[in-house]
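Before any comments, here is the structure.
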Amino acid sequence: MSVTLRTDLGCTEAVIADYGTLSLFYHVAGILNQDLRIKFLNKEDEFDSINWDFKFKRSTLTLHYNIYNGISVFPTKTTGAGERENGAAVELAGILAGKLMKQELAA
25 MSVTLRTDLG CTEAVIADYG TLSLFYHVAG ILNQDLRIKF LNKEDEFDSI NWDFKFKRST
85 LTLHYNIYNG ISVFPTKTTG AGERENGAAV ELAGILAGKL MKQELAA
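Taking the numbering used here, the leading residue of the sequence shown gets 25, the next gets one more, and so forth.
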């Protein structure tokens, strides 16, 4: 798995899976919670998208799922995101992609 970076939102969005399923979203959320000890601060579940906010390295980020655009991580404050927040999103997406790849190879 590789990470794709987009800037359409006004910040850096790190796409973990272009065509991610809802099952994969919950798997990624489980990795964040169990492996990285991250607690979710806010959860918004809608018909075709999910946004769960959390803290990582002093930055507030969002784990995002959309039925059409897949699974990504981006700074929660999209328009006010600075270098630290954007960098944290990219770093975390790389960690997640690596863990998913390792699990895929082990299966």
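Cβ atoms here follow ideal geometry from the backbone N, Cα and C, with glycine treated the same way.
Asked	Found
Collapsed DSSP secondary structure at D126 in the structure displayed	According to the sequence provided, residue 126 is Lys. The question's Asp does not apply to it. Helix at K126.
Contact set for E109: own chain, Cβ-Cβ below 6 Å, skip 5 residues either direction	S83 and P99
Other residues of its chain near A117: CB distance less than 7 Å, five sequence neighbours each side excluded	V27, A38, I40 and V97
Proximity to F49 [Cα-Cα], best of L65, D69, R61 and C35	D69
Complete beta strand (DSSP E) runs within the segment 34-117 (minimum length 3 residues, chain order)	37-41, 64-69, 73-80, 83-90 and 94-99
Pair within 8 Å by beta-carbon distance, H88 and S73	yes
L46 versus K79, F71 and A105, residue with shortest Cα-Cα distance	F71
Reference K81, options G122, A112, L129 and L124, closest by Cα	A112
Contact belief for D42 with G94 at Cβ below 8 Å, rounded distance in angstroms	5 Å
Opening and closing residue of the beta strand (DSSP E) in which T31 lies	It is not in any beta strand (DSSP E) - T31 carries neither H nor E in the DSSP assignment.
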